[in-house]
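Student:
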Amino acid sequence: MELGEDLLPAAPENPTGFWENAALCGLNDRLLASIERGWHSVAPIRSEMWNVPEMRAMKREAVETVRTRFGKFPLWGFKDPRTARLLPFWQDIFKHSGIAESYVLIIQNPISVARSLKVRNQFAFEKSYLLWLEHSVEAYTHTCGMPRVVVDYDALMAHPEEQLGRIAEKLALPLDLAVEDSIRDYAHGFLDNRLRHSAFEPTDVYRDTHVPDLVANTYDMLRQVALDQLDADSKEVQSALSSARSGLERFASFFSYSDLLEAERDSIRRELEEVRDKSREELQRTLAELEALKTKCQLLEVATESLKSDKEALRSENEALKRQAQLRADPNAILRSELHNLWNSRSWRLFRPLRNFIRKRQGFEEETEPIVDSKPQLIQTVITIHQSLSWELTAPLRVIYRMLPSRERRGKKRLPSRGVS
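Numbering-wise (our numbering), the sequence shown opens with residue 457 and increments by one.
1) Using 8 Å as the threshold, is the C-beta distance between asparagine 788 and leucine 834 below it?
2) Quick check on this structure: which residue in Asp664, Asp684, Gln740 has the alpha carbon closest to the alpha carbon of valine 606?
3) Might you give, ordered along the chain, the residues of its own chain that have their beta carbon closer than 7 Å to the beta carbon of isoleucine 549, omitting 5 neighbours on each side?
4) Rounded to whole angstroms, what's the CA-CA distance from serine 490 to glutamate 510? Just pull it up for me.
5) Measuring only the C-alpha atoms, how far is arginine 808 from glutamine 780?
6) Can you tell me whether DSSP reads leucine 463 as helix, strand or coil?
7) Are the region 522-539 and the region 749-765 in contact at 8 Å, needing three or more beta carbon pairs?
8) Pick helix, strand or coil for leucine 430, following the three-state DSSP scheme.
9) Taking only the alpha-carbon atoms, compute the straight-line gap between threonine 850 and alanine 776 and give it to the nearest angstrom.
10) Could you spell out where the beta strand (DSSP E) holding valine 661 opens and where it closes?
11) Count the other CB atoms within 10 Å of the CB of arginine 792; is the residue buried (16 or more) or exposed (fewer)?
12) Determine the extent of the beta strand (DSSP E) in which aspartate 608 is found, giving its start and end residues.
13) By Cβ distance below 8 Å, which residues in the same chain neighbour alanine 479 in space, the five residues on each side in sequence not counted?
14) Is it buried or exposed, alanine 672, if we count other Cβ atoms within 10 angstroms and call 16 or more buried?
15) To the nearest angstrom, report how far apart tryptophan 588 and glutamate 492 are at their CA atoms.
16) Use the C-beta contact count for serine 830: other C-beta atoms within 10 angstroms, 16 or more gives buried, fewer gives exposed.
17) My parser needs the beta strand (DSSP E) runs of 3 or more residues fully inside the region 782-846; what are they?
18) Give me, in chain order, the residues of the same chain whose beta-carbon lies closer than 6 Å to that of asparagine 565; leave out the 5 immediate sequence neighbours on both sides.
19) To which residues of the same chain is leucine 573 closer than 6 Å at the C-beta, ignoring the five residues directly before and after it?
20) Apart from the five residues just before and just after glutamate 617, which ones in its own chain have a Cβ nearer than 6 Å to its Cβ?
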């Protein structure tokens, strides 16, 4: 059987492919959109919708698509779940094109369908069961009196050769040795039970509280048809499926309202997602700006530290220049500075209380830093301090201090080369 060249590509949830013709699937999507429906709309499609003006152009396109893509093949087909609800449209196309159609109705456990749609589309179980019922009932109703075969998906997976042979027999398809070899290759080389997402027992539909009775009973009856336990065209089956369709039609207005609410919800969700995406983009821009400001602040801190270092260097240079200027203005400034350092050194201050005690016993006042202007007097005063008993007694301390490692003296006041302890 020819399925066409332009098939939908495989996907993670179906790695062996969907085996659906892309052109016909696209046409079905646009067909649903023209009557304000989607593939998952639960509102029924009323018969008068097939007579809207938009249908003429759609029918012309469908006739041309079928002619150009499949006209040269004696046996061809296509698979698309949407077709179950679009059969009135396609049956007009087949009639206009003189095509003798046959139908393979695949019945899958509704629990498997609901679980799959829950994972892939986040549909509520109730909606998925309703979709299963609508597709199953519409597919059965619109193929009454036509060549068709109902196939149980689980039975096909369990006994593919038997079920494929059954399909060929029911639809009077040619079954020669080459076809039988192809069936064996399909059964043993293509089908892979490991790729099944779920598998449930037929009786599970009566145990799952989410499954409505109407869905469970319809599945059980169609499965009996698929196992040849009931005739698809029997009054019992026709009456049950007709009742199911009538039940769906009675709630048509509620289903339409459900679609409307869902559309509004989806619209609000899209708006919220747009707001979220915009907020995320703004947040990312703000974070990027903050990061840029942080970088600028770091650069400014480095520049500030550099300026501080430059300022300190300039201050030190300025102090040095001031000292040089003072020296040029006052030749005795170096001697006065050395005398000042000696007078305030630890070595000289250490015995100051003792010297003041002796001076007091001798009737003198406590010593004060001498103010000397003449060079001879400055030299003599420095010599006097170096030759004093106080300076000689603290000499060992100065030697020990100089012997300490530099890191142990780091942070301490450095002793001048002369007159400092």
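Built from N, CA and C at the ideal position, the CB exists for glycine as well.
Tutor: Well, looking at it:
1) Sequence index remark: in the sequence shown, residue 788 carries index 332 (1-based). Sequence index remark: in the sequence shown, residue 834 carries index 378 (1-based). Yes, the Cβ-Cβ distance between asparagine 788 and leucine 834 is below 8 Å.
2) Counted from its first residue, the sequence shown places residue 606 at position 150. For valine 606, the nearest C-alpha among the options comes from Asp684.
3) As a working mapping, residue 549 is identified with position 93 in the sequence shown. Cβ within range, chain order: Lys515, Ala518, Val519, Val522.
4) Along the sequence shown, read from residue 1 onward, the residue named residue 490 stands at position 34. Along the sequence shown, read from residue 1 onward, the residue named residue 510 stands at position 54. Using only the alpha carbons, I get a separation of about 7 Å.
5) Numbered from 1 along the sequence shown, position 352 holds the residue referred to as residue 808. Numbered from 1 along the sequence shown, position 324 holds the residue referred to as residue 780. Between arginine 808 and glutamine 780, the C-alpha separation is close to 32 Å.
6) On the sequence shown, residue 463 is found 7 positions in, with the first residue counted as 1. Looking at leucine 463 - three-state DSSP - the assignment turns out to be strand.
7) no
8) No answer is possible for residue 430: it lies beyond the span of the chain, which begins at 457 and ends at 877.
9) Within the sequence shown, numbered from 1, the residue matching residue 850 stands at position 394. Within the sequence shown, numbered from 1, the residue matching residue 776 stands at position 320. Between threonine 850 and alanine 776, the C-alpha separation is close to 31 Å.
10) Looking up residue 661 in the sequence shown gives position 205. Run containing valine 661: none in the beta strand (DSSP E); it sits in the alpha helix (DSSP H), 660-663.
11) As a working mapping, residue 792 is identified with position 336 in the sequence shown. Result: buried.
12) As a working mapping, residue 608 is identified with position 152 in the sequence shown. First-last of the beta strand (DSSP E) with aspartate 608: 604-608.
13) Residue numbering aside, residue 479 sits at position 23 when the sequence shown is read from its first letter. Around alanine 479: Gly460, Asp462, Thr521, Arg525.
14) Along the sequence shown, one-based indexing puts residue 672 at 216. When all chains shown are included, alanine 672 counts as buried.
15) As a working mapping, residue 588 is identified with position 132 in the sequence shown. As a working mapping, residue 492 is identified with position 36 in the sequence shown. About 20 Å.
16) Translated into positions along the sequence shown, residue 830 becomes position 374. Classification of serine 830: exposed, given that the 10 Å Cβ count is below 16.
17) none
18) Indexing the sequence shown from 1 puts residue 565 at position 109. Closer than 6 Å at the Cβ level, and outside the excluded window around asparagine 565, lie Phe656.
19) Position 117 of the sequence shown holds residue 573. So the qualifying residues of the chain are Phe579, Ser584.
20) If you number the sequence shown from 1, residue 617 lands on position 161. Here the set comprises Ile639, Ala643.
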